[in-house]
Every structure is written in C-alpha cells, then in structure tokens.
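Some notes on the structure that comes next.
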Amino acid sequence: MVENISHQPKHESYYWDSVVFSVDNVLFKVPKYHFVEGSEWFSTTYGLNDVARTLAMDAGSSSNGIITLPQVSSSDFCSFLEVLYPRTIQTTLTLCKAKWLSILKLSNQWRFAQIRTFAINQLSLCSLSAPERICLGKQYHVSPWFLGGCDELVRNEETISMETAQEIGTDCAVQLFICRERRLYAADPNYLQKVFAKELAAISDWEKEFSSPVSVVDRDGSKRQDEEHTRSSVEVERMLTQEDSRADDSGQWTDSTLHSDTDSQGDVSMSDAEAKADACLKPGQKLSPNDGSELAERYRQERDQLAAEAEELKAQEEAHHQERERLTEEIETLQAKVQDTLQQLVKEHLAHSQTISDHKLRLQRSEEAASKYRVERDKFAMRIADMKQQLEEMQKHRRYSEMGAFFQSISSGDRPRAGRRERVMSSVGVAGSSPLRMSWHGAPTGANSVASVPEVKFPSPVDAARVEKTRR
Numbered sequence: 045m046v047e048n049i050s051h052q053p054k055h056e057s058y059y060w061d062s063v064v065f066s067v068d069n070v071l072f073k074v075p076k077y078h079f080v081e082g083s084e085w086f087s088t089t090y091g092l093n094d095v096a097r098t099l100a101m102d103a104g105s106s107s108n109g110i111i112t113l114p115q116v117s118s119s120d121f122c123s124f125l126e127v128l129y130p131r132t133i134q135t136t137l138t139l140c141k142a143k144w145l146s147i148l149k150l151s152n153q154w155r156f157a158q159i160r161t162f163a164i165n166q167l168s169l170c171s172l173s174a175p176e177r178i179c180l181g182k183q184y185h186v187s188p189w190f191l192g193g194c195d196e197l198v199r200n201e202e203t204i205s206m207e208t209a210q211e212i213g214t215d216c217a218v219q220l221f222i223c224r225e226r227r228l229y230a231a232d233p234n235y236l237q238k239v240f241a242k243e244l245a246a247i248s249d250w251e252k253e254f255s256s257p258v259s260v261v262d263r264d265g266s267k268r269q270d271e272e273h274t275r276s277s278v279e280v281e282r283m284l285t286q287e288d289s290r291a292d293d294s295g296q297w298t299d300s301t302l303h304s305d306t307d308s309q310g311d312v313s314m315s316d317a318e319a320k321a322d323a324c325l326k327p328g329q330k331l332s333p334n335d336g337s338e339l340a341e342r343y344r345q346e347r348d349q350l351a352a353e354a355e356e357l358k359a360q361e362e363a364h365h366q367e368r369e370r371l372t373e374e375i376e377t378l379q380a381k382v383q384d385t386l387q388q389l390v391k392e393h394l395a396h397s398q399t400i401s402d403h404k405l406r407l408q409r410s411e412e413a414a415s416k417y418r419v420e421r422d423k424f425a426m427r428i429a430d431m432k433q434q435l436e437e438m439q440k441h442r443r444y445s446e447m448g449a450f451f452q453s454i455s456s457g458d459r460p461r462a463g464r465r466e467r468v469m470s471s472v473g474v475a476g477s478s479p480l481r482m483s484w485h486g487a488p489t490g491a492n493s494v495a496s497v498p499e500v501k502f503p504s505p506v507d508a509a510r511v512e513k514t515r516r
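So the sequence shown is residues 45 to 516, counted in our numbering.
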C-alpha cells in the first residue's frame with residue numbers, strides 16, 4: 045500500500061528542487077539550491093526562480109525545463125560541480141591547478157562570490173609565476189595577483205624577456221621597464237597603484253559586483269610581509285623616540301642639528317626613514333638605544349645618497365625628455381615627408397597608368413589599321429596581278445595582229461615599209477640572219493613570174509614559243 049504524502053509539509057531547508065542543464069550537448073541534473081543561493085545574477089539570468097520552469101522540470105524530462113549554458117565546456121562545468129557538490133565528505137578539496145582555473149573562470153563569469161574567493165585562495169597556494177599572476181589578475185580581475193606579479197618583475201634583477209613581454213602585453217612590459225629604470229619602488233611604496241591606475245580601476249569595478257571583498261594571500265606572502273613591515277616601523281619609531289630623549293640628556297646630538305639635516309632634505313618623508321631603517325636591520329634583529337647614533341648616521345648617508353641619485357635621475361629624465369621631444373619632431377618631419385612622397389608616388393602612378401592606357405589604345409588602333417592595310421594591300425596585289433595578266437594577253441593579241449597584217453600584206457604583194465618590217469621582225473624575234481628569208485628586187489615578169497615570188501618561211505610554234513620566252 046502506497047502512502048499518500050501530498051498532505052505532508054516540506055522541510056524549509058532540506059527539500060531541494062532539481063535543475064537540468066545542457067552543457068556542450070551533455071545533460072546534468074543537480075539540485076538547484078547552490079545555484080540559487082550562490083549567485084543572484086545566475087539565478088536571475090537563467091530563470092531558476094521561474095515557477096513555470098520549476099513545474100516543467102518536476103513534471104518530467106520536458107525540453108521546456110532544460111537550461112542551456114552556452115560557451116561552457118562540459119569539463120569546466122564538471123570541475124565547478126565538484127566544488128558545489130563534492131562526492132565525498134572532506135574538509136579540503138584536492139584538485140589540480142587546471143581544475144581550479146576552470147572553477148575560477150566559471151565563478152567569475154557567473155558571479156559566485158564565495159566560490160571565486162575559494163578558488164583564488166587555492167590558486168594562490170599553487171606555483172604561479174609572475175607573468176601568470178599578471179595575466180590571470182587582468183583576465184579574472186584579481187588585483188593582488190596583478191600587483192604582486194608586477195612588483196616581482198620590477199624588483200627582479202634579470203631583464204624581462206621577449207616571451208614574458210609578449211605574455212603580459214607590450215604596454216605592461218614598457219610600464220614595468222620604466223618603473224625599474226626610475227626605481228619607483230624605492231621612492232614610493234604605492235608606485236604600482238599610480239602607474240596602473242587605469243587597469244586597477246577596471247579590476248575594482250568588476251570586484252565591486254561581488255558581495256564580499258576578496259581576501260587573497262599572495263604566493264610571496266605579501267600579507268605577511270606587510271605585517272612585518274608594520275611591526276618594524278613601530279619598532280623604528282620607538283627606537284627614534286628613545287634616541288631623541290637619550291640625545292637630549294647626553295648632548296651627543298641636538299634637535300637643531302637633526303632639524304637642520306631634516307630641513308635641508310625636506311623631500312624625504314618619515315616613510316623613507318622607516319624603509320631605510322628596515323633595510324639596515326637583519327631578519328629578526330631588534331634595535332637597542334645604543335645603536336641610535338650609528339643608525340642615524342647611516343640614515344643620513346643613505347639619505348644623501350638618495351638625494352644625489354634623485355638629482356641624477358632628474359637630470360637623466362630631463363635629458364630623456366629633450367631627446368624624446370627631438371625624436372618626436374624628427375618623427376613628425378619624417379611622417380610629413382613620407383606623406384608627401386606617398387602622395388607624389390600616387391600621382392605619378394595615376395599618370396603612368398593613364399599613359400599606359402593611352403598607349404594600349406593607340407596600339408590597338410594601330411593594329412586595326414595595319415590589319416586593314418594588309419587586307420587592302422592583298423586586294424591591290426591581286427588587282428595588279430590581274431592587270432599584268434590582261435596586259436600580257438593584250439600584247440600577245442597585238443603582236444599576233446601585226447604579224448597577221450604583215451604576212452597578209454606580203455601575200456598580197458605589197459612592199460611593206462622598212463620601219464614596219466623591222467618592227468614586225470623584232471616583235472617576232474627575227475633580226476639579221478633570220479631563218480625567214482625574203483627578197484625584194486621587184487616582181488619578175490614572164491613565165492617565171494610565180495617562181496620569182498619571194499619565199500616566206502613562217503617559224504614553227506616551238507620556235508615562236510622559244511623566241512617569246514627569250515624575249516621575256
């Protein structure tokens with residue numbers, strides 16, 4: 045028999061609803077309590093407080109109740125769930141560095157403040173290099189990481205490599221190089237906050253969105269160093285007070301001497317004195333009243349040395365400023381020259397392009413004219429050949445006509461004129477001792493008149509062709 049539990053009340057703390065997420069085409073069904081309580085932004089953005097969605101999820105595996113989380117890998121989401129819903133009961137989580145980075149990524153993206161702080165503290169215990177802390181500090185908006193990494197690179201005696209500069213960004217590397225060259229870390233303890241004010245402002249704006257401020261213990265123990273520095277400063281102040289009272293009693297050095305030294309270097313503050321006093325002490329060493337004179341003398345020497353270095357740095361800065369102005373003027377002049385040269389080259393290029401286009405057009409027209417000329421020339425040559433052939437035919441007909449008339453006149457008994465005779469004979473190629481023999485001494489009379497008619501021998505066709513070929 046199934047007991048009816050519809051009338052039983054639900055516990056206010058331990059009766060959780062479940063939620064189904066679709067991450068990278070993989071379904072996850074988990075209690076939604078930690079998602080609702082951990083981030084108001086997440087529950088509002090993905091509608092975890094929506095009653096209709098909750099009813100749809102309680103009714104069954106309806107697609108209307110599934111929440112899709114875009115741009116999230118299933119492996120990162122699994123690492124995030126290991127923190128929200130650990131499978132074993134343990135006080136500490138043993139996860140690798142990559143999983144903690146995934147947890148920090150999603151908690152920072154979804155505004156889970158407690159999990160974000162937990163991930164930052166766990167990663168601070170890992171071996172994060174200075175470039176990693178700078179990059180992760182900017183990416184996930186963790187100002188202690190960013191400042192700690194920058195301070196380590198500035199104080200490191202080794203030169204920043206090209207790989208490190210590319211990893212942290214060229215602008216950040218240049219700023220760190222300037223801080224190192226000017227030794228800002230020795231003159232101002234808050235130099236990084238001033239140099240990277242813009243980056244820190246963006247990080248602070250993001251950190252304000254979380255409900256509680258992030259308390260991070262840096263890898264180098266910066267928090268512990270600050271506490272030690274505070275204790276040493278208090279000790280130095282106490283020592284200086286005792287030394288002042290002892291000097292007034294013994295007369296070793298008066299207030300006027302101390303004030304004159306202090307007034308001559310008014311730009312050196314008490315924080316510088318405390319810093320220098322800390323530098324003189326060994327780790328774990330405490331000052332006694334008998335060491336005050338020696339410490340004050342060392343302090344004055346260090347102060348004078350710092351003043352000289354400050355003057356030298358100021359002169360170098362002025363020289364660098366003048367050199368930068370000169371280089372800026374040269375760069376502007378070169379840019380103007382380059383701009384003018386570029387404009388001139390563009391104009392010349394356009395002119396050359398127009399000239400080439402004109403030449404191509406002329407060449408095309410010349411080729412068309414040459415083609416037409418060749419066609420006309422061929423036609424004219426054909427006409428000349430036809431005219432030559434017609435002329436030869438006409439000359440042949442004329443010669444044959446003259447020969448026929450000549451021989452007809454001979455047959456009729458007429459004596460041709462001498463000029464005509466020679467012209468006809470030359471036209472047929474007969475001259476001088478020609479095989480054509482004729483005698484013109486008058487017409488015979490009597491019975492032998494027929495026999496005395498001049499005998500005319502006509503050339504054979506073969507001889508006529510040979511004579512015509514020779515004449516040509």
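A virtual CB, placed ideally from N, CA and C, is assigned to each residue, including glycine. Quantities reported herein were computed from a predicted structural model and do not represent experimental measurements.
Item	Value
Proximity below 7 Å, CB of S62 to CB of P75	yes
Extent of the continuous beta strand (DSSP E) to which P75 belongs	V70 to P75
Own chain residues within Cβ distance below 8 Å of H55, not counting five before or after	none
Coil, strand or helix - S62 by DSSP	strand
Sequence-distant residues of the same chain with beta carbon closer than 6 Å to W144, five excluded per side	A163, Q166 and L167
Residue closest to V67, alpha-carbon to alpha-carbon, out of F121, V239, L407 and C194	F121
Which of helix, strand or coil DSSP assigns to G490	Confidence at G490 is low in this model, with a pLDDT of 48, below 50, so its placement is unreliable and the value that follows should be read with caution. In the structure shown, G490 sits in coil (DSSP, three-state: anything other than H, G, I, E or B).
CA-to-CA distance, I222 to E353, given in whole angstroms	16 Å
Proximity of E196 and A174 at Cβ, strictly below 7 Å	yes
Reference V116; option with closest CA among A142, L92, Q153 and W85	Q153
Span separating the alpha-carbon of Q408 from that of A429	32 Å
Through-space distance from S410 to M426, alpha-carbon basis	24 Å
CA-to-CA distance, L435 to S455, given in whole angstroms	30 Å
Rounded separation between V64 and G91 - CA only	12 Å
Under the three-state DSSP convention, the category V67 falls into	strand
Residue burial classification, G448 (beta-carbon count within 10 angstroms, cutoff 16)	exposed
Through-space distance from E253 to P53, alpha-carbon basis	37 Å
I247 in three-state terms, based on DSSP	helix
Three-state secondary structure assigned by DSSP to T89	helix
Presumed contact (8 Å Cβ cut-off) between S151 and S248, rounded CB distance	Wrong, their Cβ atoms sit about 18 Å apart, outside the cutoff.
I111, DSSP secondary structure in three states	strand
Contact set for T182: own chain, Cβ-Cβ below 7 Å, skip 5 residues either direction	In the sequence as displayed, the identity of residue 182 is Lys instead of Thr. Closer than 7 Å at Cβ, skipping near neighbours: F190 and E243.
Own chain residues within Cβ distance below 6 Å of E355, not counting five before or after	none
CA-to-CA distance, L71 to W60, given in whole angstroms	19 Å
Check whether K141 and C170 have beta carbons under 7 Å apart	yes
Where K238 sits in the DSSP three-state scheme	helix
Among R227, R155, T208 and S123, nearest to E361 - alpha-carbon criterion	R227
Alpha carbon of Q219 to alpha carbon of F79, nearest angstrom	41 Å
First through last residue of the alpha helix (DSSP H) which encompasses I212	M206 to I212
N-terminal and C-terminal residue of the alpha helix (DSSP H) that Y184 is part of	A174 to Y184
Where I428 falls: helix, strand or coil (DSSP)	helix
Three-state class that DSSP yields for V198 in the structure shown	helix
Residue span of the alpha helix (DSSP H) that contains Q134, given as start and end	No alpha helix (DSSP H) holds Q134; DSSP gives it neither H nor E.
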